[in-house]
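Residue numbers (the numbering used here), protein chains in the order written: chain A, 8 to 285; chain B, 235 to 520; chain C, 24 to 384. Don't be surprised by glycine CBs; every beta carbon is placed ideally from N, CA and C. Input: a single structure, listed below in structure tokens.
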Amino acid sequence: MTSRSQARLGRSILLHLFLTPLALIWLFPLWMMVVFSTMPDNGIFSPGIELLPHDGFIDNFNNLQRDTNFVGAIGISVSVAVTYTVLSVLLTSMAGWALARYEFHGKGAVVAIIFGTITLPYAVVLIPQFIMVARDFALANTWIALIVPPLFNSLGVLFMRQAFSMMPAELFDAARVEGVKEWRIFLFVALPLARPMLAALAIILFLASWNNYLWPLLINSQPGAMTAPVALGTLIGLTKVSWGGIMAGAVMLTVPMLIVFVLLQRHFIAGIAAGAVK
Amino acid sequence: MRTQNATAYRFLTPYLLIFVVFWIWPIISSFLISFQATRTVPWRFAPAFNWGRLIGDPAFYNALKNTLLILVIQVPVMIALAIGMAVLLNSPLLKARGLYRFAFFAPVVVGEVAYSAVFRLMFSLDFGIVNKLLNSIGLPKVDWFSNVTPAMALIMIAVTWRWAGYNAIIILAGLQSIPEDVYEAATLDRVSKVKQFFHITLPLLKPVIVFCAVLSIIGTMQLFTEPFLITERGGPGGGTETLGLLLYRQGFRSLNFGYASAVAYTMAGLAIAITLVQLWLMREPK
Amino acid sequence: MAAVTLTNVIKRFGSFEVVHGANIDIADGEFVVFVGPSGCGKSTLLRMIAGLEDISGGDIAIGGKVMNDVEAADRGIAMVFQSYALYPHMTVEQNLSFGLRMNGNPKADTDRRVKRAAEILRIDELMQRRPKQLSGGQRQRVAIGRAIVREPQVFLFDEPLSNLDAELRVQMRVEISRLHKELGVTMIYVTHDQTEAMTLADRIVVLKAGNVEQIGAPLDLYDDPANRFVAGFIGSPKMNFLSAKVVDTSNSAAIIELVNHGGARLRKPLRDAFPAIGAEIVLGVRPEHFFEVGEGDCDIPVKADVAEHLGSVSYVYANAGPEELIVEREASRQRAGGDHFTVSIKAERSLLFDKSGARIR
Ligand SMILES: Nc1ncnc2c1ncn2[C@@H]1O[C@H](COP(=O)(O)OP(=O)(O)O)[C@@H](O)[C@H]1O
Ligand SMILES: [Mg+2]
Chain A
8 MTSRSQARLG
18 RSILLHLFLT
28 PLALIWLFPL
38 WMMVVFSTMP
48 DNGIFSPGIE
58 LLPHDGFIDN
68 FNNLQRDTNF
78 VGAIGISVSV
88 AVTYTVLSVL
98 LTSMAGWALA
108 RYEFHGKGAV
118 VAIIFGTITL
128 PYAVVLIPQF
138 IMVARDFALA
148 NTWIALIVPP
158 LFNSLGVLFM
168 RQAFSMMPAE
178 LFDAARVEGV
188 KEWRIFLFVA
198 LPLARPMLAA
208 LAIILFLASW
218 NNYLWPLLIN
228 SQPGAMTAPV
238 ALGTLIGLTK
248 VSWGGIMAGA
258 VMLTVPMLIV
268 FVLLQRHFIA
278 GIAAGAVK
Chain B
235 MRTQNATAYR
245 FLTPYLLIFV
255 VFWIWPIISS
265 FLISFQATRT
275 VPWRFAPAFN
285 WGRLIGDPAF
295 YNALKNTLLI
305 LVIQVPVMIA
315 LAIGMAVLLN
325 SPLLKARGLY
335 RFAFFAPVVV
345 GEVAYSAVFR
355 LMFSLDFGIV
365 NKLLNSIGLP
375 KVDWFSNVTP
385 AMALIMIAVT
395 WRWAGYNAII
405 ILAGLQSIPE
415 DVYEAATLDR
425 VSKVKQFFHI
435 TLPLLKPVIV
445 FCAVLSIIGT
455 MQLFTEPFLI
465 TERGGPGGGT
475 ETLGLLLYRQ
485 GFRSLNFGYA
495 SAVAYTMAGL
505 AIAITLVQLW
515 LMREPK
Chain C
24 MAAVTLTNVI
34 KRFGSFEVVH
44 GANIDIADGE
54 FVVFVGPSGC
64 GKSTLLRMIA
74 GLEDISGGDI
84 AIGGKVMNDV
94 EAADRGIAMV
104 FQSYALYPHM
114 TVEQNLSFGL
124 RMNGNPKADT
134 DRRVKRAAEI
144 LRIDELMQRR
154 PKQLSGGQRQ
164 RVAIGRAIVR
174 EPQVFLFDEP
184 LSNLDAELRV
194 QMRVEISRLH
204 KELGVTMIYV
214 THDQTEAMTL
224 ADRIVVLKAG
234 NVEQIGAPLD
244 LYDDPANRFV
254 AGFIGSPKMN
264 FLSAKVVDTS
274 NSAAIIELVN
284 HGGARLRKPL
294 RDAFPAIGAE
304 IVLGVRPEHF
314 FEVGEGDCDI
324 PVKADVAEHL
334 GSVSYVYANA
344 GPEELIVERE
354 ASRQRAGGDH
364 FTVSIKAERS
374 LLFDKSGARI
384 R
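As structure tokens, then:
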């Protein structure tokens, strides 16, 4: 073995020695979530150290369903997240297309306002949004309240604007010269070409809606109108609830997303790396 | 390009409507509400009512202090950790890269409620796995929820766990955009790997790191769910109360919209200041 | 039927004017090439004709009808882009038919047109491939095919060959020429490559910094350029420019002295104007217009630096004082580096320009 490859091997071992424990620590909470979700409450609250799953998931799930209608809440969460994602992808890609590909009066102002307010904290709009939706429109505890206000997300617009402006302009000019209408150019040329970006955006938006907590907590607080995270959140801190049940709920919220993450990792990472979220 | 007002606005209007109604108008409205006395109907204009109270409110200073404390400690630690993760994940020597990536990036998809619940269980005093493990290696238990310092530490640990991988993804993308030949040239010039990191990697990553820092600061500044769910509404005794929690309490428990708006605008002010610092840091050298 | 007329056409981007009042008349069926260095406004002009850019001033008429406010699609034009602009997610067939399909053209007619274009360009075999699976030359054919199916009155080309390697470029050049003969429609072709312009054009429009410098048939521009810019731009290798001074004028001629060549003098007959005695001027001589000693009107000794041998001819980069000259020599007479030899200039094979670059005839 040459001294060069020896040095490489040494560095490689060092790297793995450092990274492996860190990775295990990072996975630990997720692992424990799964373990807890399979343990009865008296197992969770016992002095022994339990690191392996048991077989109590179904019991825990039944307990959870007894404490709150979690299945119903999951149904709301799924429907809301799907609708939100479709609408938001549509709105933001249309707006991104306009900003990337047309000259029009007021463009500078629109871009400036979007950019200028993008780092303002969401907290700033929380109260007026709440007053407007709950009081002025009387829409609290409806799906509309969950879906429509969060559509303002301007990072999606900037993401799609970026995506469209990176495409060669000649492509769209070619279609224009051929007499293709603008909305058809958008639908049949631009959108198909933006598929990877749309996928990234859709995943990120779906995740954001699925995990959204504060706004649904405020606006849809009635049992029967709650999303799954809100329903689960109401149980945390109560005394007479099943913690195994809460963990079963946490697993049901998390594991599907982990699977999606593994399957669509490339799009996920592309979306986050481009700053499409938050 | 030809000027195409009608077409452009046809594409833009649906989004703009939502944007104006649910973002721009609330930004303005919130500002106006912060100057109104909202305890009684009808609301009336009283500039000093909320802002005056804010300036003299110990609860506000407590929340501000906690928020800033978390910012100052948690964000740098997390960014440093994220840089480390990204650099190591990018190493050509790494085997089973996918597994490590999964480990660090997985928290990104975990919802705040789910992970808050897990952390609460893991860190509970008598039956939490963390204390059990501490005990098993001969260390004393920590009462994570009843003392302020451990409670703050817990919040920071939780947030770091949730967001470090997120930042690592962004930084990793930045790393991968640095052309390989820069390092090859440096290697031929006999620059050590460590020196390459400090003199090539870090300077080239600066924009990405500043971006991550700003994103993290603005996110952490609004911290709500973790102190709400993990440390039970900012406990112990307001020890982990944040601006986000204060806003929630004032706005949606006491329905004191004017005061809550003043708190919100304090956050906005901080965010604007931080953004300006970012712009200054990123300015083109003359 | 489809003549194209540009009258005082101006283009501004914001307050920055890039085309300063262009007047160009293109006859029906003519092949006109816009040529000029990069950034001179060729694409901008073409895109204004296509309807892809607003016109800031003046008029553009196609087939006698002013088109300033007519949509690109309704101008009866088709355009071939530099990057080919093929839709990457569609097959060749779909690329060719896309525009027609989107506009509800009857299917039978669409199929007929696509088939005809495919035959003309010999791309029948490629119809089910995607652009990624095509070579550069094949992509270029598809891009042209897409223009053909529109059956336009005017073809517009924006540097269509600049992404091809040298050999393909020559081949496609011939094909485009053939296409022009076959279809007989007006073609406007933009390039920065004067060879392309010379070989393709019925007439060439030379542009510089947003101004039309000269319009004319290729050989007219070559033999009788209006100014030093056109003289230098058209022809490869470039025309040589020798600094000179007027020492005398008489009998409808000027006596000039080549200041960098030991006071060599040349009597240059003039027709229109006589520069003042003492004026600094420039003498232009094409590389192939240096003759053997005694054959011309003025001999200058030079020293060969480098010789490039192309087979039939050689180009000698020769040094004479501070001026470098490119001299075309028959291959048998080529000189090795370091050789000294003398070349001879003929008055009727040289051009005079004043200091501003305008031609003195
Ligand atoms: N959309 C635009 N905005 C501003 N300036 C432009 C734009 N398009 C072209 N220009 C400028 O106009 C001039 C001519 O460009 P162009 O017509 O593309 O030149 P070329 O002769 O190389 O095709 C250049 O100086 C270019 O920078
Ligand atoms: Mg051009």
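Report back the beta-carbon spacing between A140 (chain C) and L119 (chain C) to the nearest angstrom; my notes put them in contact at under 8 Å. Residue numbering aside, residue 140 (chain C) sits at position 117 when the third sequence is read from its first letter. Residue numbering aside, residue 119 (chain C) sits at position 96 when the third sequence is read from its first letter. Right, their Cβ atoms sit about 6 Å apart.
CA-CA distance, F290 (chain A) and W33 (chain A)? What is shown of chain A runs 8 to 285, which leaves residue 290 (chain A) out entirely.
Could you tell me the distance, in whole angstroms, from the CA atom of G469 (chain B) to the CA atom of S350 (chain B)? For the purposes of this step, residue 469 (chain B) is taken as residue 235 along the second sequence, with counting starting at 1. For the purposes of this step, residue 350 (chain B) is taken as residue 116 along the second sequence, with counting starting at 1. So the two alpha carbons sit approximately 14 Å from each other.
Considering only residues of the same chain and omitting the five flanking positions on each side of I33 (chain C), which have a CB-CB separation below 7 Å? By one-based count along the third sequence, residue 33 (chain C) stands at place 10. Closer than 7 Å at Cβ, skipping near neighbours: E40, V42, H43, G44, S79, G80, G81.
If we ignore side chains and look at the alpha-carbon of each, how far apart do T27 (chain A) and P199 (chain A) end up? Along the first sequence, one-based indexing puts residue 27 (chain A) at 20. Along the first sequence, one-based indexing puts residue 199 (chain A) at 192. Pairing T27 (chain A) with P199 (chain A), the inter-Cα distance amounts to about 41 Å.
On a Cα-Cα basis, can you pick out the residue from C:V177, C:E353, C:G168 that is closest to L333 (chain C)? If you number the third sequence from 1, residue 333 (chain C) lands on position 310. In this structure, C:E353 is the residue among C:V177, C:E353, C:G168 with its C-alpha nearest to the C-alpha of L333 (chain C).
Run through chain B and tell me which residues come within less than 7 Å of W250 (chain A), C-beta to C-beta. Here residue 250 (chain A) refers to the residue found at position 243 of the first sequence. Residues of chain B passing the Cβ test: L355.
is_contact[V175 (chain A), chain C] using C-beta, thresh 9 Å: Residue numbering aside, residue 175 (chain A) sits at position 168 when the first sequence is read from its first letter. First, the residue type needs correcting, since residue 175 (chain A) is Pro and not Val in the sequence shown. Yes, its Cβ sits closer than 9 Å to a Cβ of chain C.
Say the cut is 8 Å; is the CB of T28 (chain C) nearer than that to a heavy atom of ligand 1? Indexing the third sequence from 1 puts residue 28 (chain C) at position 5. Incorrect: T28 (chain C) has no Cβ contact closer than 8 Å to ligand 1.
Got a sec: which bits of the stretch 49-83 of chain C sit with their beta carbon under 7 Å from any beta carbon on chain A, in order along the chain? A73, L75
Check the Cβ of A96 (chain C) against every Cβ in chain A and list those closer than 8 Å, keeping chain order. As a first step, residue 96 (chain C) must be located in the third sequence, where it is residue number 73. Here the neighbours are R183, V184, E185, G186, V187.
So A45 (chain C) is in the beta strand (DSSP E); what residue range does that whole segment cover? In the third sequence, counting from the first residue as 1, residue 45 (chain C) sits at position 22. First-last of the beta strand (DSSP E) with A45 (chain C): 39-49.
Counting Cβ pairs, one atom from each stretch, are 3 or more of them under 8 Å apart for the stretch 95-109 of chain A and the stretch 244-256 of chain B? yes
Please tell me whether S495 (chain B) has its Cβ less than 9 Å away from any Cβ of chain A. Along the second sequence, read from residue 1 onward, the residue named residue 495 (chain B) stands at position 261. Cβ-Cβ to chain A under 9 Å: yes for S495 (chain B).
So if DSSP puts H434 (chain C) in a beta bridge, which residue, or which two residues, is it bridged to? This structure cannot settle anything about residue 434 (chain C), because the visible part of chain C is limited to 24 through 384.
Counted within 10 angstroms of its Cβ, other Cβ atoms place M167 (chain A) as buried (16 or more) or exposed: Here residue 167 (chain A) refers to the residue found at position 160 when the first sequence is read from its first residue. Buried: at least 16 other Cβ atoms inside 10 Å.
For K88 (chain C), which of helix, strand or coil comes out of DSSP? By one-based count along the third sequence, residue 88 (chain C) stands at place 65. Correct three-state label for K88 (chain C): strand.
List in chain order the residues whose CB is within less than 5 Å of at least one heavy atom of ligand 1. In chain order, the hits are C:F36, C:V41, C:S61, C:G62, C:C63, C:G64, C:K65, C:S66, C:T67.
Residues bridged to S16 (chain C) by DSSP? Nothing about residue 16 (chain C) can be read from this structure; chain C reaches only from 24 to 384.
Is it right to say K247 (chain A) is buried, meaning 16 or more other beta carbons lie within 10 angstroms of its own, or is it exposed? Numbered from 1 along the first sequence, position 240 holds the residue referred to as residue 247 (chain A). Looking at its Cβ environment, which holds fewer than 16 other Cβ atoms inside 10 Å, K247 (chain A) is exposed.
Residues in the same chain with beta-carbon distance under 7 Å from L109 (chain C), minus the five sequence neighbours each way, listed in chain order, please. Counted from its first residue, the third sequence places residue 109 (chain C) at position 86. N118, P154, R162, V165, A166, listed in sequence order.
With T474 (chain B) as the anchor, note down where its alpha helix (DSSP H) starts and where it stops. On the second sequence, residue 474 (chain B) is found 240 positions in, with the first residue counted as 1. T474 (chain B): not part of any alpha helix (DSSP H); DSSP gives it neither H nor E.
Mind pulling the beta strand (DSSP E) runs of 3 or more residues that sit fully within the stretch 196-279 of chain A? DSSP runs (the beta strand (DSSP E)) wholly in the stretch 196-279 of chain A: none.
Please confirm if G168 (chain C) has its CB atom under 9 Å from at least one CB of chain A. Stepping through the third sequence from its first residue, residue 168 (chain C) is reached at position 145. Chain A, which has no Cβ nearer than 9 Å to the Cβ of G168 (chain C), makes this no.
Please report the Cβ distance between A152 (chain A) and V140 (chain A), rounded to the nearest whole angstrom; I am assuming they are in contact, meaning their Cβ atoms lie under 8 Å. Numbered from its first residue, the first sequence carries residue 152 (chain A) at position 145. Numbered from its first residue, the first sequence carries residue 140 (chain A) at position 133. With 8 Å as the limit, A152 (chain A) and V140 (chain A) qualify as a contact, their Cβ atoms being about 5 Å apart.
Closest to G352 (chain B) by CA distance: which of B:K427, B:F491, B:T474, B:T465 is it? In the second sequence, counting from the first residue as 1, residue 352 (chain B) sits at position 118. The sequence given here places Val at residue 352 (chain B); Gly does not occur at that position. Minimum Cα distance to V352 (chain B) is reached at B:T465.
Start-to-end residues for the beta strand (DSSP E) that takes in P135 (chain A): The sequence position of residue 135 (chain A) within the first sequence is 128, counting from 1. Taken as a continuous stretch (DSSP letters only), P135 (chain A) belongs to no beta strand (DSSP E), being part of the alpha helix (DSSP H) at 130-137.
Quick one, are the C-beta atoms of I371 (chain B) and I56 (chain A) less than 9 Å apart? The count along the second sequence starts at 1 and reaches residue 371 (chain B) at position 137. The count along the first sequence starts at 1 and reaches residue 56 (chain A) at position 49. Between I371 (chain B) and I56 (chain A), the C-beta spacing is not below 9 Å.
Give a yes or no on whether the C-beta atoms belonging to G251 (chain A) and P47 (chain A) are separated by under 9 Å. In the first sequence, counting from the first residue as 1, residue 251 (chain A) sits at position 244. In the first sequence, counting from the first residue as 1, residue 47 (chain A) sits at position 40. Yes; because the gap between Cβ atoms is below 9 Å, this pair is in contact.
I'd like the ranges of any alpha helix (DSSP H) spanning at least 4 consecutive residues and lying wholly in the stretch 92-146 of chain C. 115-125, 130-144
Can you find a heavy atom of ligand 2 that lies under 8 Å from the Cβ of D225 (chain C)? Taking the third sequence and counting its residues from 1, the one referred to as residue 225 (chain C) is at position 202. No - ligand 2 has no heavy atom lying nearer than 8 Å to the Cβ of D225 (chain C).
Length at least 3, wholly inside the stretch 142-217 of chain C: the beta strand (DSSP E) runs in chain order: 177-181, 209-214
Opposite V511 (chain B) in the DSSP bridges: which residues? For the purposes of this step, residue 511 (chain B) is taken as the residue at position 277 of the second sequence. Partner(s): none; V511 (chain B) has no beta bridge.
Inter-residue spacing [alpha-carbon to alpha-carbon] between R169 (chain C) and N234 (chain C): Stepping through the third sequence from its first residue, residue 169 (chain C) is reached at position 146. Stepping through the third sequence from its first residue, residue 234 (chain C) is reached at position 211. Approximately 31 Å between the Cα atoms of the pair.
If the cut is a Cβ gap below 7 Å, which residues of chain A does S370 (chain B) touch? Locating residue 370 (chain B) in the second sequence gives position 136, where the first residue counts as 1. By Cβ distance, chain A contributes I56.
When every heavy atom of ligand 2 is checked, does at least one fall within less than 8 Å of the C-beta of V213 (chain C)? For the purposes of this step, residue 213 (chain C) is taken as residue 190 along the third sequence, with counting starting at 1. Yes, the beta carbon of V213 (chain C) sits closer than 8 Å to at least one heavy atom of ligand 2.
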